[in-house]
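In this note's numbering, the protein residues as written are 947 to 1045.
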């Protein structure tokens, strides 16, 4: 089973050369980092989680609409599951671990 980073890379590669898809991927990564590694050094807030959920929903909708990736999108889950997924993705990138 692929980790969060592997899933993200796989879907991102399908969007290669797609300016809108690339922007949505950047927005999603920024939302992940903002939630997991907030500037104040604390924990993610409900506000950052809401922003993360919105960014993920937009990314998933774009992937589904374009038929360029998994039918369900990159990841779908409850807010708690999305927060855990974002933490996995962020930590894997931060620690340079692909999965």
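Idealized CB from N, CA, C, for every residue including glycine.
As the structure is a prediction and not an experimental result, all values here were calculated from the model.
- Assignment of residue 991 by DSSP, reduced to helix, strand and coil, places it in the coil class.
- Sorting 951, 958, 950 by C-alpha distance to the C-alpha of residue 1008 places 958 at the top.
- Each residue's CA atom was taken as its position, placing residue 1016 and residue 970 some 16 Å apart.
- Pairing residue 1042 with residue 986, the inter-Cα distance amounts to about 23 Å.
- Within its own chain, the residues whose Cβ lies closer than 7 Å to the Cβ of residue 1001, once the five positions on either side in sequence are excluded, are 973, 974, 977, listed in chain order.
- Rounded to the nearest whole angstrom, the CA to CA distance from residue 990 to residue 1014 is 31 Å.
- Distance between residue 1033 and residue 1006, taken at the CA atoms: about 18 Å.
- In chain order, 990, 991, 994 place their CB closer than 8 Å to the CB of residue 984, counting only its own chain and leaving out the 5 sequence neighbours on each side.
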